[in-house]
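Counting in numbering that gives the first Met the number 0, the sequence shown runs from 0 upward without gaps. Take a look at the structure set out below.
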Amino acid sequence: MQDLRDWIALLEREGELVRVAAEVDPDLEVTEIVDRTVKSGGPALLFENPKGARHALLVNQFGTERRMCLAFGVERLDDVARKVSDVLEMQPPQGLMDKVRGLQKLKSIADSRAQTVRKGPVHEVVLRGDDVDLSLLPVQRCWPGDPAPFITLPAVITKDPRSGTRNVGMYRMQVIDRSTTFMHWQIHKDGRADWLATDGRIPVAVALGLDPITAYSASAPLPKHIDELMMAGFLRGAPVELVQAITVDLEVPAHAEIVLEGYIEKDELGSEGPFGDHTGFYTPPEPFPVFHVTAMTMRSGAIYPSIVVGKPPQEDAWLGKATERIFLPAIRATVPEIVDYDLPVAGGFHNCCIVSIKKAYPGHAQKVMHAIWGLGMLSLTKSIVVVDEHVDVHDYQQVVFYAGANVDPKRDVVISEGPLDHLDHAPERQFLGGKLGIDATAKWPEEGARPWPEEIEMTPEIRSLVDRRWAEYGIASVPHAPDRPVGQTSRSLRQLLRR
Ligand SMILES: Cc1cc2nc3c(=O)[nH]c(=O)nc-3n(C[C@H](O)[C@H](O)[C@H](O)COP(=O)(O)O)c2cc1C
Ligand SMILES: [Mn+2]
Numbered sequence: 000m001q002d003l004r005d006w007i008a009l010l011e012r013e014g015e016l017v018r019v020a021a022e023v024d025p026d027l028e029v030t031e032i033v034d035r036t037v038k039s040g041g042p043a044l045l046f047e048n049p050k051g052a053r054h055a056l057l058v059n060q061f062g063t064e065r066r067m068c069l070a071f072g073v074e075r076l077d078d079v080a081r082k083v084s085d086v087l088e089m090q091p092p093q094g095l096m097d098k099v100r101g102l103q104k105l106k107s108i109a110d111s112r113a114q115t116v117r118k119g120p121v122h123e124v125v126l127r128g129d130d131v132d133l134s135l136l137p138v139q140r141c142w143p144g145d146p147a148p149f150i151t152l153p154a155v156i157t158k159d160p161r162s163g164t165r166n167v168g169m170y171r172m173q174v175i176d177r178s179t180t181f182m183h184w185q186i187h188k189d190g191r192a193d194w195l196a197t198d199g200r201i202p203v204a205v206a207l208g209l210d211p212i213t214a215y216s217a218s219a220p221l222p223k224h225i226d227e228l229m230m231a232g233f234l235r236g237a238p239v240e241l242v243q244a245i246t247v248d249l250e251v252p253a254h255a256e257i258v259l260e261g262y263i264e265k266d267e268l269g270s271e272g273p274f275g276d277h278t279g280f281y282t283p284p285e286p287f288p289v290f291h292v293t294a295m296t297m298r299s300g301a302i303y304p305s306i307v308v309g310k311p312p313q314e315d316a317w318l319g320k321a322t323e324r325i326f327l328p329a330i331r332a333t334v335p336e337i338v339d340y341d342l343p344v345a346g347g348f349h350n351c352c353i354v355s356i357k358k359a360y361p362g363h364a365q366k367v368m369h370a371i372w373g374l375g376m377l378s379l380t381k382s383i384v385v386v387d388e389h390v391d392v393h394d395y396q397q398v399v400f401y402a403g404a405n406v407d408p409k410r411d412v413v414i415s416e417g418p419l420d421h422l423d424h425a426p427e428r429q430f431l432g433g434k435l436g437i438d439a440t441a442k443w444p445e446e447g448a449r450p451w452p453e454e455i456e457m458t459p460e461i462r463s464l465v466d467r468r469w470a471e472y473g474i475a476s477v478p479h480a481p482d483r484p485v486g487q488t489s490r491s492l493r494q495l496l497r498r
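Below you can see the structure in the form of structure tokens.
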């Protein structure tokens, strides 16, 4: 898929999109519609006639597991992870066929870098200077306590002024007037680091309305030196095409619906927020930098993309689940004893992490907790539950069972401290606070346990006997559920979204 229009066409063919012709107000009304639609597992919505705006509004494009899989062209999100692990776990090739396969994999990386082209549809309409007018766009005011409309699904492009490496991130942008917004660069984010590394002003470009994989990649927590557009190219299997921006020295996606070009000064801050965020609370006003738009470029008939965040579950649940699955291979490359992990949506992704491990020595669960607290954005995780490898981390019933049954709180709870999410309102001080680790693995004698009892389980012989004879018993519904393979996206989440 080259662009948002290919994606919309696919969604329509698959019966996954509804066009709303009625005039609908981007001020609160859209949110209430989206909230109901997301929670019932409903379709993507294309509001063709948003009140007061010149452009259509697309929302809920990512709101179900099926659409997320359609976006990536896979059956299950784990299939995307497999593609990543194929490359991460490459071994020196043995034999000719192995070498050929190895070369193909290397080529898939080499071909992933974004490509510059001379022209692109994103420049069909160009508004500069006084013609720039953000009010042409149906920017949503999402929640009643929000002071203004916020752009919620941008891909914000900057370059590290020292190394020239590109960064793409998704950061909300509160609209101030026709040509300025805030830029909500939280303290742990790469975009903010690029900004802090400048002496004066940093050029910024904001792409809106992209193919779904490129849009997703803006939310992916990659290490700072890795260009998110390269990851997008790799996952798409085709490079992202870029064109030179018109008023700033940056390249922008050639097939974006809308690009806002401009700059941010090092020392120009204003009071951003409050904003009803994915924490489920309003984040209080805080100083954030101001983005000046020097040019607004568009395709003709540009479609504006949006997302509503709020009390979970919302549409961003599936962006988060995609990240959870896609990054498992990278996590296992550093901490190979990790079998699987789950970040519950209701935990806002950073409040809770359930992880299963192949336990090999006393204290292993604690080792893994500390590894997670030292790993990229997972370092912001507030609480961790560690279970043994046979436990399905996506089955919260099982997890609660072991977190209760296997735990002596006096012995098995680790209280530590460290960095916390920018938006976490619970700790005494912002950014820094307590960490909770619960070791729910079976304990070893070296860990101070009495002989560990055996878990109850029926013999395989009796299970298959009953399978065979089930019809004979005359009991209508078949209550035996086959064991689920490790790594499937959370069943609990699916249930939650289908309430
Ligand atoms: C819908 C959505 C909205 C987000 N809003 C913000 C935001 O306002 N500020 C922020 O710092 N991160 C926000 N994030 C998270 C970042 O996009 C994410 O941490 C990303 O990895 C940042 O890129 P970076 O690490 O290259 O800076 C948001 C994510 C999503 C999915
Ligand atoms: Mn980054």
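The beta carbon of each residue, even a glycine, is placed where N, CA and C say it ideally should be.
Are the CB atoms of G362 and E446 nearer to each other than 9 Å?
Yes, the Cβ-Cβ distance between G362 and E446 is below 9 Å.
Residues with a Cβ closer than 6 Å to any heavy atom of ligand 2, in chain order?
My final list is N166, G168, D189, L221, K223, E227.
For D198 and N166, what's the separation of their Cα atoms in angstroms?
Each residue's alpha carbon lies about 18 Å from the other.
Any idea which residues DSSP pairs S415 with across the strands?
For S415, which the question treats as bridged, DSSP gives the partners K434.
Which residue from A113, V465, S378 puts its Cα closest to that of P220?
Of A113, V465, S378, the residue nearest in Cα terms is S378.
Taking the CB atoms as reference points, tell me whether V86 and I175 lie closer together than 9 Å.
No, they are not a contact pair.
Span of the alpha helix (DSSP H) holding T333?
Looking at the DSSP string, the run of the alpha helix (DSSP H) that includes T333 is 315–333.
For A147, collect the residues of the same chain with a Cβ closer than 8 Å to its Cβ; drop the 5 residues on either side in sequence, then sort them by chain order.
Counting only Cβ-Cβ distances below 8 Å, and skipping sequence neighbours, we find R140, Q173, V174, I175.
Please classify E240: does DSSP put it in a helix, a strand, or coil?
Strand.
Straight-line CA distance for P137 to R53?
Taking the straight line joining both Cα atoms gives about 7 Å.
From what residue to what residue does the beta strand (DSSP E) around M172 run?
Start and end: 172–176.
Given 8 Å as the limit, tell me if A219 has its C-beta closer than that to any heavy atom belonging to ligand 4.
With respect to ligand 4, the structure shown offers nothing to examine, as its ligands consist of ligand 1 and ligand 2.
Taking the alpha carbon of E28 as the point to measure from, which residue in V307, V242, S84, K223 has its own alpha carbon closest?
Closest by alpha carbon: V307.
Between the C-alpha atoms of M182 and S463, what's the straight-line distance to the nearest angstrom?
Answer to the nearest angstrom: the Cα atoms are 60 Å apart.
Along the alpha helix (DSSP H) that carries I32, what are the first and last residues, could you check?
Unbroken alpha helix (DSSP H) run through I32: 28–38.
For T197, which three-state DSSP category applies?
It is coil, neither helix nor strand.
What is the rounded straight-line gap between the Cα of V242 and the Cα of R117?
Cα-Cα distance, rounded: 6 Å.
Leaving out five residues on either side along the sequence, give the residues of the same chain with a beta carbon under 8 Å from the beta carbon of V406.
Excluding residues within five positions, the ones whose Cβ falls inside 8 Å are V412, I437, D438, A439.
Reducing DSSP to helix, strand and coil, say where M519 ends up.
Summary: the structure shown does not reach residue 519, with the chain confined to residues 0 through 498, and so no result is reported for it.
Could you tell me if the beta carbon of R298 falls within a distance shorter than 8 Å of some heavy atom in ligand 1?
No, the Cβ of R298 stays beyond 8 Å of every heavy atom of ligand 1.
Taking the straight line between their C-alpha atoms, what separation do you get for A255 and P238?
The alpha-carbon atoms of A255 and P238 are separated by roughly 14 Å.
Under the DSSP definition of a beta bridge, which residues are partnered with M297?
Its beta-bridge partners are V124, I257.
At 3 residues or longer, and completely inside the stretch 328–371: list those beta strand (DSSP E) runs for me, N to C.
Runs found: 337–341, 351–356.
Cα separation between S218 and F400?
Whole-angstrom Cα-Cα distance: 33 Å.
Buried or exposed: which applies to Y360, given that a residue is buried once 16 or more other Cβ atoms fall within 10 Å of its Cβ?
Exposed is the call here.
Find the nearest neighbour of H421 within the set E454, P286, T36, V354, judged by alpha-carbon distance.
Among E454, P286, T36, V354, the Cα nearest to that of H421 is on P286.
Just how far apart, CA to CA, sit A253 and M297?
Taking the straight line joining both Cα atoms gives about 10 Å.
Roughly how many angstroms separate the alpha carbons of G432 and E416, rounded to a whole number?
Cα to Cα, the separation comes out at about 5 Å.
Consider the C-beta atom of W469 and the heavy atoms of ligand 1; say whether any pair is separated by less than 8 Å.
Result no, Cβ not under 8 Å from ligand 1.
Given 8 Å as the limit, tell me if H54 has its C-beta closer than that to any heavy atom belonging to ligand 1.
No; taking the cut-off as 8 Å, the Cβ of H54 has no heavy atom of ligand 1 nearer than that.
Per DSSP, E264 is paired with what?
Looking at the DSSP assignment, E264 forms a beta bridge with R200.
Among I371, I257, D110, which has the Cα closest to the Cα of I337?
That would be I371, whose Cα lies nearest to the Cα of I337.
Indicate the three-state DSSP secondary structure (helix, strand or coil) for F400 in the structure shown.
Residue state, collapsed to three classes: helix.
If you pair each beta-carbon of the stretch 18–33 with each one of the stretch 45–52, do three or more pairs fall below 8 Å?
Touching, yes.
Just the Cα atoms here: how many angstroms apart are L529 and V58?
Shown here, the chain extends from 0 to 498; a query on residue 529 therefore has no answer.
Check whether the Cβ of Y170 lies closer than 8 Å to any heavy atom of ligand 1, and answer yes or no.
It does: the Cβ of Y170 is within 8 Å (strictly closer) of some heavy atom of ligand 1.
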